[in-house]
Amino acid sequence: MAGPCGNGTEEFAEDMADPFELDGFDSLSSAEAGAETARNAAEGGEAPLSSRLFGKAEAHGAPSAAASDGPAAAATRAAYLEGLNPQQREAVLTTEGPVLVLAGAGTGKTRVLTTRLAHILATQKAWPGQILAVTFTNKAAREMKARIRALIGDIVEGMAWLGTFHSIGVRFLQRHAELAGLRSGFSILDTDDQVRLLKQVLAAENIDEKRFPARQIAALIDAWKNRGLTPDTVPAGEAAAFANGRGARVYAAYQARLRALNAVDFGDLLLLPVAMLKATPDLLAEYRRRFRYILVDEYQDTNTAQYLLLRLLAGENGNICCVGDDDQSIYGWRGAVVENILRFPKDFPQAKVIRLELNYRSTGHILAAANGLIAHNRGRLGKTLHSVAGMGEKVWLRGHTDDEAEARAIADDIEALLRAGHSPREIAILVRASFQMRRFEERFVEIGLPYHVVGGPRFYERQEVRDALAYLKVIHTPDHDLAFERIINVPRRGIGAASVKKMHALARLRGLSLYRAAALMMDSDELPARTRRPLKDLMTAFARWRAQAAELPPAALAEVVLEESGYVDMWKAEKTPQAEGRLENLKELVRSMEAFDTLSGFLEHVALVMDADQAAAGEKVVLMTMHAAKGLEFDTVFLPGWEEGLFPHQRALDEAGEAGLEEERRLAYVALTRARRRAIISCVQMRRVHTMWQPAQPSRFIDELPAAHVAILDDALPLAPVTEPEVADTSVDNASAGAGQRTGRRTAADPVSGRTARAPFRQMERRHDHGLCEGQRVFHQKFGYGTIAEVDGEKLTIDFEKAGRKRIMAAFVEAV
DNA sequence: GATCCATTTGTTTTT
DNA sequence: CAAATGGATC
């Protein structure tokens, strides 16, 4: 049977009971689970999905059509397929077998992904619970869910296996904790806990933490885990790099400590499921059967552990569809392996490769410039991106004396754009490194320009938030030693390092958790009375809070705890200017908890979702790193700081050489292709680093931009577009941008001194010619897209797609 | 055990 | 240059 297709309603109801969702599965061996499955199915089981599936699906038409005409007939005329180009359609409809979708920037990747999922569900090739759909960020997962819901309704709620790699890893571990050496209710350590734990391990191993910092070994272990390496499979040569060859030993000791604490770190969320599936063939078989369709977003960013997991689950001929763009692989430093996507056709010899090459986002010059730049990379799968829009503006290039001048000029441009009616949220500044943001923030504050920083210091990583979370973790899981240790003397209550050390000793001796050791010691004479009293108070408080946790919603509990522990008072008493902000953050934390019914639900959310939901962006200019901008798009994009050493970043070159350079170049490609209509690259001659001024040279990437698509700017950004005769073929392919077309130093280098006569701004002002003609497609800030019906000098009559016919001055529209 | 001062370190990007 | 860590001193 190709899919769970039945004809009668009753049969559906039975089939749809998802056997894996039944309670009690965790406690069964996989063989027993199989038997259980059959029993439940025969009895009808719980069918929470079926009602949802039918309720909404019928309303949307697809499955009812399937019932009468069969899924295939429904598929070809489904509303969701409309408006897809042939390649996109193919990517949606090729559901069987391995498929690699190479989706260049702006080619409608997300749309294809969501439509594909919707299609599989609507044609009933699989139930929601039989699809594994992985994304990299929670934001992407949320967005995907929302978009599928928009297409086919609430069926999507049954997609239990839609999420980030890490959240799916947690799911595996929760179901089969015992196979991974864990007990249920294990905790997930954050990076901070990880480092503190490693410090303890290093101390126990008698390794000098000054010579071999815990952070360093933490990074090493993380990298090993990303590569799917366990302590006994770490290559000897690499283990030697740390603490005179004791790296693997420390790794093993660390893992042992983790297990003793019933805890996992982030890397384990991938590594343990892989190990588990490898070691338990029955389990693997179960899951292979279960996941009829596997879908992976951003495949170019998978690391080896993720790759192994996918290959295990997909098997030889699985229906696995990976979507990605090798040119947008920018997370190599985090363990991502571009080769994963490059070798997909070798991994799956019968794989179908589909290229999405029609770019709907950027205008021609921007796309051509980006294509020319990325053509300098080797080892690409190669794509030919075509623009569907007109050529638009060339990519602007501007030089400044120093970073302050750069910030000032960009701020001026933005003000002008806003005056001209551009929406601030359509303007972004993308920087290589976050420290660059500072200049812009200073300037924006000075002139009162509303801006919004995306990324910034992560909410859940702030000290006060982590302290508060530690209290909650101890209430939820008293044996969470690291959390307990974190707050045992915060706020100061007179339980110092010496006392904690004694507790540790007792805990180790008796094989207890720190919390239990503390509970014993508060009634013994080990500790001086002046320590015993506060400890007893704390323990009593925890007992009380835990009792309250059963009754109060998490948010209310948090409020009580923060108040009664004296934690809020601690910050109130502090007179530093930051204290107020910390109190604000605590309030924000409590507010964010209101969405959760249970403490454990909230804690799991926090462990996996490092990004607190960003405050609504609103009408603000966006300031962020290039990495954070991936997947986003803006009308106007400013790209400051294109200087050697900063971009490409020196460290990337030092650490990864040629590969590092190529990744930086891909980052440049990602940054440039965020722009829909306008991109302004800039560099400076002098940049202030710390306190010293450092001379800077324009980035090599500037010289790699094809000259034909770049224009030098020695003044403010022109507001009206520089129009050019439309070129029939607006595509630029990789080959032509390579050798001959490169920008020479003459045009691009040192734009500061190279102020040329060909200042496009002036030229444009002189000629009054707006270059617009009848039949041309244009864009207006308020009315959107339209076609020119009539030209009368400066006055145009335009038929807008949405707003209808309007008379508009030429200066207010832009050719597309 | 707490507070203050000095030194260091980081500023690439994040699940 | 700022924050964070760590050591020394009270």
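The first sequence begins at 29 in this note's numbering and counts up by one. Quick reminder that beta carbons are idealized off the backbone N, C-alpha and C, glycines included.
### Query
Between the segment 693 to 703 and the segment 346 to 356, do at least 3 Cβ pairs fall closer than 8 Å?
At 8 Å Cβ cutoff, the stretches touch.
### Query
Can you pull the DSSP bridge partners for residue 319?
Within the first sequence, numbered from 1, the residue matching residue 319 stands at position 291. Note: residue 319 is not bridge-paired with any residue in the DSSP secondary-structure output.
### Message
Could you compute how far the alpha carbon of residue 618 sits from the alpha carbon of residue 199?
### Response
As a first step, residue 618 must be located in the first sequence, where it is residue number 590. As a first step, residue 199 must be located in the first sequence, where it is residue number 171. If you take the alpha carbons of residue 618 and residue 199, they lie about 26 Å apart.
### Message
Just to confirm my understanding: we take residue 197, look at its own chain, exclude 5 residues before and 5 after, and list those with CB closer than 7 Å. What are they?
### Response
For the purposes of this step, residue 197 is taken as the residue at position 169 of the first sequence. Excluding residues within five positions, the ones whose Cβ falls inside 7 Å are 297, 298 and 301.
### Message
Counting beta carbon pairs with one atom in the segment 589 to 597 and one in the segment 508 to 523, are three or more of them shorter than 8 Å?
### Response
Yes, the segment 508 to 523 touches the segment 589 to 597.
#### Entry: Nonlocal neighbours in the same chain, by C-beta distance under 6 Å from residue 845, ignoring five residues either side
Here the chain has residues from 29 to 844 only, and residue 845 is not among them.
### Query
Would you call residue 863 buried or exposed, if buried means 16 or more other Cβ atoms sit within 10 Å of its Cβ?
Beyond the ends of the chain as shown, which are 29 and 844, falls residue 863; an answer cannot be given.
### Message
Measuring only the C-alpha atoms, how far is residue 228 from residue 235?
### Response
In the first sequence, the residue the question calls residue 228 occupies position 200. In the first sequence, the residue the question calls residue 235 occupies position 207. Put simply, the backbone Cα of residue 228 is about 10 Å away from that of residue 235.
#### Entry: Rounded separation between residue 352 and residue 620 - CA only
Residue numbering aside, residue 352 sits at position 324 when the first sequence is read from its first letter. Residue numbering aside, residue 620 sits at position 592 when the first sequence is read from its first letter. Their Cα atoms are separated by approximately 33 Å.
### Query
By the 10 Å Cβ neighbour count, where 16 or more other Cβ atoms means buried, how is residue 676 classified, buried or exposed?
As a first step, residue 676 is located in the first sequence; it is residue number 648 there, counting from the start. It counts as buried.
### Query
If you check the beta carbons only, do residue 387 and residue 395 fall under 8 Å apart?
Within the first sequence, numbered from 1, the residue matching residue 387 stands at position 359. Within the first sequence, numbered from 1, the residue matching residue 395 stands at position 367. Less than 8 Å separates the beta-carbon of residue 387 from that of residue 395.
### Query
Any idea if residue 431 is buried or exposed, counting beta-carbon neighbours within 10 angstroms, 16 or more meaning buried?
Against the first sequence, residue 431 aligns to sequence position 403. Residue 431 should be labelled buried.
### Message
Assess contact between the segment 112 to 130 and the segment 377 to 387, defined as three or more Cβ pairs (one per stretch) separated by less than 8 Å. Is contact present?
### Response
Taking a cut-off of 8 Å on C-beta distances, the segment 112 to 130 touches the segment 377 to 387, as three or more cross pairs fall below it.
### Message
I need the boundaries of the alpha helix (DSSP H) containing residue 498, first residue and last residue.
### Response
Translated into the one-based positions of the first sequence, residue 498 becomes position 470. Note, residue 498: alpha helix (DSSP H), 491 to 504.
### Message
What ranges does the beta strand (DSSP E) occupy inside the segment 157 to 182, keeping only unbroken runs of at least 3 residues that lie completely in it?
### Response
For the segment 157 to 182, the full-length beta strand (DSSP E) segments reaching 3 residues or more read 159 to 163 along the chain.
### Query
Do the segment 458 to 473 and the segment 647 to 655 touch if we need at least three Cβ pairs shorter than 8 Å?
With the rule of 3 Cβ pairs closer than 8 Å, the segment 458 to 473 counts as touching the segment 647 to 655.
### Member of 496, 556 and 120 whose CA lies at the smallest distance from the CA of residue 599
Within the first sequence, numbered from 1, the residue matching residue 599 stands at position 571. Considering only alpha carbons, the answer is 496.
### Query
Taking the C-alpha atoms as reference points, what is the distance between residue 825 and residue 843?
Reading the first sequence from its first residue, position 797 is the one you call residue 825. Reading the first sequence from its first residue, position 815 is the one you call residue 843. Residue 825 and residue 843: Cα-Cα distance of roughly 14 Å.
### Query
Bridge partners of residue 813, per DSSP?
The sequence position of residue 813 within the first sequence is 785, counting from 1. For residue 813, which the question treats as bridged, DSSP gives the partners 807.
### Query
With distances taken between CB atoms, is the gap from residue 315 to residue 305 smaller than 8 Å?
Counting from one through the first sequence, the residue named residue 315 turns up at place 287. Counting from one through the first sequence, the residue named residue 305 turns up at place 277. Closer than 8 Å, so yes.
### Task
Note down, in chain order, each residue of its chain lying with its Cβ closer than 6 Å to the Cβ of residue 293, except the 5 sequence neighbours on either side.
On the first sequence, position 265 is the one that residue 293 refers to. The residues 217 and 222, in chain order, have a CB closer than 6 Å to that of residue 293 in the same chain once the five nearest residues on each side in sequence are set aside.
### Query
Tell me which same chain residues have a C-beta within less than 6 Å of the C-beta of residue 754, skipping the five on either side of it?
For the purposes of this step, residue 754 is taken as residue 726 along the first sequence, with counting starting at 1. Confidence in residue 754 is poor, its pLDDT being 39 and thus under 50, which makes the residue's placement too unreliable to answer from.
### Message
Using the Cβ count rule (16 or more neighbours within 10 Å means buried), how would you classify residue 360?
### Response
To locate residue 360, count along the first sequence from 1; it is residue 332. Counting Cβ neighbours within 10 Å, residue 360 comes out buried, since at least 16 surround it.
### Query
Would you say the segment 482 to 493 touches the segment 201 to 210, given that touching needs at least three Cβ pairs under 8 Å?
As far as the Cβ criterion goes, the segment 482 to 493 does not touch the segment 201 to 210, which means the pair count is below three.
### Message
Can you check which of these residues, 512, 577, 556 and 816, is closest to residue 545 by C-alpha distance?
### Response
Counting from 1 along the first sequence, the entry for residue 545 is found at position 517. Checked all of 512, 577, 556 and 816; the closest Cα to residue 545 is 512.
### Query
With distances taken from CA atoms, which of 589, 540, 555 and 541 is nearest residue 503?
As a first step, residue 503 is located in the first sequence; it is residue number 475 there, counting from the start. Nearest option by C-alpha distance: 589.
### Query
Taking the continuous alpha helix (DSSP H) assigned at residue 666, which residues delimit it?
Start at 1 with the first residue of the first sequence, and residue 666 comes out as number 638. Counting along the chain, residue 666 falls outside any alpha helix (DSSP H), though it belongs to the beta strand (DSSP E) covering 662 to 667.
### Message
Looking only at its chain, what residues have a beta carbon closer than 7 Å to the beta carbon of residue 602, apart from the 5 residues adjacent to it on each side?
### Response
In the first sequence, the residue the question calls residue 602 occupies position 574. Listed in chain order, the non-local C-beta contacts of residue 602 below 7 Å within the same chain number zero, local neighbours out to five positions each way being set aside.
### Query
When we look at the beta-carbon of residue 801 and count the other beta-carbons within 10 Å, is it buried (16 or more) or exposed?
The residue labelled residue 801 in the question sits at position 773 within the first sequence. So residue 801 counts as exposed.
### Task
Could you spell out where the alpha helix (DSSP H) holding residue 198 opens and where it closes?
Residue numbering aside, residue 198 sits at position 170 when the first sequence is read from its first letter. Counting along the chain, the alpha helix (DSSP H) containing residue 198 begins and ends at 193 to 203.
### Task
Thinking residue 433 and residue 745 are a contact (beta carbons under 8 Å), I'd like their distance in whole angstroms, please.
Numbered from its first residue, the first sequence carries residue 433 at position 405. Numbered from its first residue, the first sequence carries residue 745 at position 717. Their Cβ separation, rounded to whole angstroms, is 15 Å, which puts residue 433 and residue 745 out of contact at 8 Å.
### Query
Looking only at DSSP bridge pairs, what is residue 352 linked to?
Counting from one through the first sequence, the residue named residue 352 turns up at place 324. Bridge partners of residue 352: 130.
### Task
Using three-state DSSP, classify residue 345 as helix, strand or coil.
Counting from 1 along the first sequence, the entry for residue 345 is found at position 317. The answer is coil: DSSP assigns residue 345 none of H, G, I, E or B.
### Query
Start and end of the alpha helix (DSSP H) containing residue 678?
By one-based count along the first sequence, residue 678 stands at place 650. Start and end: 678 to 700.
### Task
For the alpha helix (DSSP H) holding residue 115, just list the boundary residues, first then last.
As a position in the first sequence, residue 115 is number 87, starting the count at 1. Residue 115: member of the alpha helix (DSSP H) spanning 114 to 121, first to last residue.
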